[in-house]
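Number of protein chains: 2
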Amino acid sequence: MVTIYDIADHTGYSIATVSKALNNKKVSEKARRKILDAVEELHYTPNSSARTLATNKSWMIGVVFGENLGSGIAHPFFGQVIEGFKKHAELYNYDLLFVSRHMGLQQETYKHLSHRGVDGVVIVQSHGEDEIKKLDHMIPTVYIDRPTNESGTVYSDNQSGSRLAVNHLVENGHTKIAHIMGNQTTFPGIERATGFKKAMHEHGLPVREEYLVDGGFYSQAGGREAMIRLLSLKDKPTAVYVGGDEMAIAAMKVTKESGLKVPEDISFIGFDDIKIAQHVEPALTTIRQDKELIGQQAAIILLDKIAAKDTTRIVNKKMIPVTLIKRESVKRLA
Amino acid sequence: MVTIYDIADHTGYSIATVSKALNNKKVSEKARRKILDAVEELHYTPNSSARTLATNKSWMIGVVFGENLGSGIAHPFFGQVIEGFKKHAELYNYDLLFVSRHMGLQQETYKHLSHRGVDGVVIVQSHGEDEIKKLDHMIPTVYIDRPTNESGTVYSDNQSGSRLAVNHLVENGHTKIAHIMGNQTTFPGIERATGFKKAMHEHGLPVREEYLVDGGFYSQAGGREAMIRLLSLKDKPTAVYVGGDEMAIAAMKVTKESGLKVPEDISFIGFDDIKIAQHVEPALTTIRQDKELIGQQAAIILLDKIAAKDTTRIVNKKMIPVTLIKRESVKRLA
DNA sequence: TCTCCAATCGAAAGCGCTTTACATGCGCAC
DNA sequence: GTGCGCATGTAAAGCGCTTTCGATTGGAGA
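Just so you know, the protein sequences line up as chains F and E, in that order. Mapping the first sequence onto my numbering, position 18 (from 1) lands on 18, and the numbers just tick up by one. Mapping the second sequence onto my numbering, position 111 (from 1) lands on 111, and the numbers just tick up by one.
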């Protein structure tokens with residue numbers, strides 16, 4: 001391994017001067033030139049551990065996926081969010097460190113992150129595990145899809161999304177509208193359900209108890225179960241607003257299996273606009289979350305925090321607008 | 001920041017003893033106990049940079065996505081592969097470092113990786129960019145979906161996949177079979193096309209020039225273009241084997257748009273079995289690559305290399321079996 | 001009681017880099 | 001010729017940890 005000592009020997013300068021030349025500090029042009037030439041010639045590569053040790057700055061950002069996200073990196077929603085985050089962070093020369101979480105306890109994850117000396121942390125999850133809050137006292141942190149009063153966070157405007165969905169349904173003549181909710185301990189689940197109820201009230205529509213079913217943690221299995229419950233009702237809804245595309249897709253599927261037609265008999269609106277949404281039959285009308293933008297904004301918040309050595313405990317929340325994507329799963333009622 | 005010096009002061013032992021206790025080296029039970037207690041009490045967290053500097057071992061594995069993979073982490077195929085890789089690497093306490101590649105040149109990526117001192121590198125891409133080979137002389141490396149004579153690599157048994165596809169089509173009475181190829185500078189593209197030709201020959205079927213079209217880099221746009229060319233033929237194929245699901249989905253879509261029925265008029269088989277495949281209409285019959293397994297096997301190879309300080313230049317290639325997933329996009333010819 | 005050995009611990013060097021505080025040498029004005 | 005200030009370079013300490021090798025200790029055996 002070639003070090004600055006080798007460069008120093010080779011050029012006749014001291015290691016201090018070499019270090020300065022490499023860091024664009026003040027040295028004569030002549031020295032800089034000679035040193036840079038030697039760097040080239042000897043194939044010198046700086047050692048980031050040594051630098052981190054000396055400067056206490058790692059240029060790494062830790063990425064933590066919540067345990068409930070089984071698919072991790074490959075998650076259809078959060079994967080894209082992280083990609084958006086990464087693109088922005090890269091511009092500022094940060095690398096992303098995906099830490100392992102098999103140690104189980106969040107407590108351990110938090111220790112691990114500080115062990116690694118990351119400059120900041122982005123946490124991707126939607127519920128529970130408050131233990132990790134401790135992190136924030138130590139390392140700049142930004143949360144995605146999860147509110148917090150201690151830190152930065154970015155999430156979609158879930159309530160407006162619900163309103164968009166209900167409005168669209170009402171405009172198409174629907175009044176018997178059900179809602180398959182995401183788990184009610186998750187932030188998006190709660191917000192979307194709340195928005196749904198508000199929007200129904202705004203239209204003077206009743207929120208019927210039996211039209212409000214829990215679909216669990218946004219999986220197809222959960223969506224399927226919830227829809228089955230809805231289908232077993234004597235007085236079925238004519239439209240259902242589903243708080244997640246995966247659930248919505250499963251819900252559509254099971255209603256088709258039951259012999260009903262989508263959207264002729266029952267209309268559907270999802271939430272997320274994951275890639276699959278446009279490919280199912282009928283193509284799913286849904287509320288699109290801007291995943292790239294969410295990731296990017298999270299990166300912006302985090303980098304700001306890092307730069308500011310933010311000890312001021314500023315709480316920064318960003319709500320990202322959502323849009324209605326009209327496709328084929330909603331039918332106008334005669 | 002609390003260091004081993006603090007622990008040493010607090011317990012009365014030297015930093016050497018503290019270090020040993022923390023690393024399960026030989027110290028008395030009494031010392032170990034006192035030290036571990038102090039660690040707990042003072043909330044000591046080791047500093048990985050210092051340790052890496054001293055041991056020359058970072059416990060990080062660098063992850064590099066090829067530039068041609070626009071979607072990066074969110075890629076429907078490679079995202080899952082990396083997730084499989086991660087799961088295995090985690091078991092051995094490695095963290096994954098996704099390095100930024102905006103610096104452009106592979107040359108730079110390679111420097112960056114050695115700058116970071118990662119213990120190993122996994123490269124995810126399917127073509128070109130040979131510059132990165134240099135890496136392998138420095139850092140243990142494993143490639144995914146890309147052959148190399150210098151290193152470890154894992155990929156699916158593409159040729160067998162093609163055979164599976166062709167056999168299935170032939171069994172269903174098809175003889176006029178076209179192939180939309182992945183770009184012929186990519187390894188999977190070449191292999192699948194080769195396998196296709198071989199299989200056709202085995203069945204005594206001609207490989208017609210105009211039935212072999214290039215779909216480019218596995219995108220929907222490319223698949224669409226290629227299919228349009230096939231549809232413009234006077235003598236159309238009755239089945240097309242598409243070297244990638246994204247392309248296949250687009251191809252099916254455009255033939256439906258053209259007024260033809262799938263699979264009644266034209267049957268389709270894809271390759272990959274990405275998540276969307278089962279949701280399109282008709283559900284796509286395809287050759288499934290075992291993404292988790294590919295990732296896991298890549299991790300196994302890499303960790304072996306790292307452990308062996310492999311200077312023996314062993315070339316380790318693993319070919320992962322593929323399976324035919326029958327769904328609805330292939331129709332038996334009358 | 002004395003010797004000797006094994007077990008246990010610690011001093012110190014070193015990993016590669018940054019940074020402060022100071023030394024050196026130069027040109028310039030007087 | 002003297003003195004001054006400035007530009008440039010360097011010595012050395014320090015970041016937190018590992019590891020070698022020698023010092024110390026306690027106890028077993030004679």
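Backbone N, C-alpha and C fix where the C-beta goes; we use that ideal spot for every residue, glycine too. In this text, all values refer to a predicted model and were calculated from it rather than measured experimentally.
Of all Cβ atoms in chain E, is any one closer than 8 Å to the Cβ of residue i?
i, result
"A226(F)", "no"
"D273(F)", "no"
"Q80(F)", "yes"
"F217(F)", "no"
"E264(F)", "no"
"S156(F)", "no"
"T336(F)", "Look at the range of chain F in this structure, 1 to 334, and you will see that residue 336(F) is not part of it."
"P250(F)", "The identity of residue 250(F) in the sequence shown is Ala, whereas the question assumes Pro. Chain E, which has no Cβ nearer than 8 Å to the Cβ of A250(F), makes this no."
"H279(F)", "yes"
"S71(F)", "yes"
"K111(F)", "yes"
"E83(F)", "yes"
"I300(F)", "no"
"S49(F)", "yes"
Ordered along the chain, which non-local residues of its own chain (more than five positions away) have a Cβ less than 6 Å from that of residue i?
i, result
"R229(F)", "V213"
"R32(F)", "A21"
"R224(E)", "A250, V254"
"S162(F)", "R192, G195, F196, A199"
"I301(F)", "V142, G152, N316"
Grouping DSSP H, G and I as helix and E and B as strand, with all else coil, what is residue i?
i, result
"M319(F)", "strand"
"Y13(F)", "coil"
"M181(F)", "strand"
"G270(E)", "strand"
"S156(E)", "strand"
"I123(F)", "strand"
"V142(E)", "strand"
"I314(F)", "coil"
"L284(F)", "coil"
"L333(E)", "coil"
In angstroms, rounded to a whole number, what distance separates the CA positions of residue i and residue j?
i, j, result
"Y44(E)", "A16(F)", "32 Å"
"A193(F)", "G243(F)", "8 Å"
"K256(E)", "K326(F)", "21 Å"
"T11(F)", "V2(F)", "14 Å"
"R146(F)", "S156(F)", "10 Å"
"A8(E)", "S48(F)", "27 Å"
"V64(F)", "D304(E)", "27 Å"
"H201(E)", "P321(E)", "22 Å"
"L231(E)", "H88(F)", "42 Å"
"N183(E)", "V81(E)", "21 Å"
"Y94(F)", "K111(E)", "15 Å"
"V166(F)", "A226(E)", "41 Å"
"Y211(F)", "E281(E)", "29 Å"
"I293(E)", "V240(E)", "Looking at the sequence provided, one finds Leu at residue 293(E) rather than Ile. About 28 Å."
"D119(E)", "L97(E)", "11 Å"
"A334(F)", "E209(F)", "26 Å"
Could one say the Cβ of residue i lies closer than 8 Å to chain F's Cβ atoms, at least one of them?
i, result
"H179(E)", "no"
"K326(E)", "no"
"P140(E)", "no"
"F268(E)", "no"
"K86(E)", "yes"
"P46(E)", "yes"
"D95(E)", "yes"
"R116(E)", "yes"
"G223(E)", "no"
"V99(E)", "yes"
"A74(E)", "yes"
"S258(E)", "no"
Give every residue of the same chain whose Cβ lies closer than 8 Å to the Cβ of residue i, excluding the five residues on either side of it in the sequence, and list them in chain order.
i, result
"I274(F)", "P76, F77, D245, E246"
"S117(E)", "Per the sequence shown, residue 117(E) should be read as Gly rather than Ser. Once the five neighbours on either side are set aside, the close Cβ partners of G117(E) are T52, N56, S58, M60."
Excluding the 5 residues preceding and the 5 following residue i in the sequence, name in chain order all residues of the same chain whose CB lies nearer than 7 Å to its CB.
i, result
"D272(F)", "F77, G244, D245, T286, Q289"
"S14(F)", "A8"
"R332(F)", "N172, G173"
"G222(E)", "G215, G216, M247"
"I4(E)", "I15, V18, S19"
Length at least 3, wholly inside the stretch 38–119 of chain F: the beta strand (DSSP E) runs in chain order = 60–65, 95–98
Write down every uninterrupted run of the alpha helix (DSSP H) in the stretch 182–269 of chain E whose length is 4 residues or greater and which is fully enclosed by it, in chain order.
-> With a minimum length of 4 residues, the continuous alpha helix (DSSP H) runs that stay inside the stretch 182–269 of chain E are 187–202, 220–231, 245–257.
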